[in-house]
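Colleague: Just passing along the structure, written as structure tokens.
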Amino acid sequence: MRSILVTAALLLAAIPAAQAAETHCTLHYNMAGGGAFYKHSTGSGQITCDNGQHLAVTIESKGGGLTFGHSEIKDGVGKFSPVSDVHDLIGGYATAEANAGSGEASKAQVVTKGGISLALTGKGSGHTLGVSFGSFIISAAK
Numbered sequence: 000m001r002s003i004l005v006t007a008a009l010l011l012a013a014i015p016a017a018q019a020a021e022t023h024c025t026l027h028y029n030m031a032g033g034g035a036f037y038k039h040s041t042g043s044g045q046i047t048c049d050n051g052q053h054l055a056v057t058i059e060s061k062g063g064g065l066t067f068g069h070s071e072i073k074d075g076v077g078k079f080s081p082v083s084d085v086h087d088l089i090g091g092y093a094t095a096e097a098n099a100g101s102g103e104a105s106k107a108q109v110v111t112k113g114g115i116s117l118a119l120t121g122k123g124s125g126h127t128l129g130v131s132f133g134s135f136i137i138s139a140a141k
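At position 61 of the sequence shown (counting the first as 1) the number is 60 in numbering that gives the first Met the number 0, and the numbers step up by one without a gap.
Spelled out as structure tokens, the structure:
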């Protein structure tokens, strides 16, 4: 009986360690939008993790400041810092950017949410000029 209790205690102690395992996740996305004085872009994507988890998402970027123009990103990629669950990636991330461009362009940006960072890259087209501060919001698709 004592050996069963010891085995059960060891198994229970191992559960938090297994739950704390970190996974690396990637976001593949498309976005479009723009504005004058207030920037607003929307898009959709798919988050996939190396532990097999995946999640369809919608993306919204909002910002204010001196900004004008329209842009579109197709086949963008984002790399998240390690997390324990794909659902940890849902929420609002802080952004800040400065940009100027016309026609075909490449873009790179890092956004953060607490201890989670997301490095975004993408190629697209459009005309933009400005500085914007705001949020990058990832939501589970409905």
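Ideal Cβ placement from N, Cα and C applies to all residues, glycine included.
Quick one: Cα of Gly32 to Cα of Ser70, how far?
Modeller: So the two alpha carbons sit approximately 6 angstroms from each other.
Colleague: What is the DSSP secondary structure of Asp87, counted as helix, strand or coil?
Modeller: Correct three-state label for Asp87: helix.
Colleague: Does DSSP put Ala139 in a helix, a strand or coil?
Modeller: The answer is strand: DSSP assigns Ala139 an E or B state.
Colleague: In terms of alpha-carbon separation, which member of Thr120, His53, Lys112 lies closest to Ile136?
Modeller: Of the candidates Thr120, His53, Lys112, the one whose C-alpha sits nearest the C-alpha of Ile136 is Lys112.
Colleague: Is it buried or exposed for Gly75, if we count other Cβ within 10 angstroms and need 16 for buried?
Modeller: Answer is buried; the Cβ neighbour count reaches 16.
Colleague: What would DSSP say about Asn29, mapped onto helix, strand or coil?
Modeller: Note: Asn29 maps to strand in three-state DSSP.
Colleague: From Val82 to Tyr92, what does the alpha carbon distance come to, in whole angstroms?
Modeller: In a straight line, the C-alpha of Val82 is about 15 angstroms away from that of Tyr92.
Colleague: Suppose you measure from the CA of Met30 to the CA of Ala20; what does that come to, to the nearest Å?
Modeller: Roughly 31 angstroms between the two C-alpha positions.
Colleague: Helix, strand or coil for Leu65 per DSSP?
Modeller: Residue placement at Leu65 is poorly supported in this model, since its pLDDT is 48, which falls under 50; the coordinates still yield a value, given next. Strand at Leu65.
Colleague: Per DSSP, which residues does Gln45 bridge with? Please list them.
Modeller: According to DSSP, which records beta bridges pairwise, Gln45 is partnered with His27, Ala55.
Colleague: Can you give the beta carbon distance from Ile115 to Ser60, rounded, assuming they're within the 8 angstroms contact cut?
Modeller: 17 angstroms between Cβ atoms; not a contact.
Colleague: Excluding five sequence neighbours on each side, which residues of the same chain lie with their C-beta closer than 6 angstroms to the C-beta of Ala140?
Modeller: Excluding positions up to five away in sequence, the list reads Ala55, Val56, Thr57.
Colleague: Quick one: is Lys73 buried, meaning 16 or more other Cβ sit within 10 Å of its Cβ, or exposed?
Modeller: Classification for Lys73: exposed.
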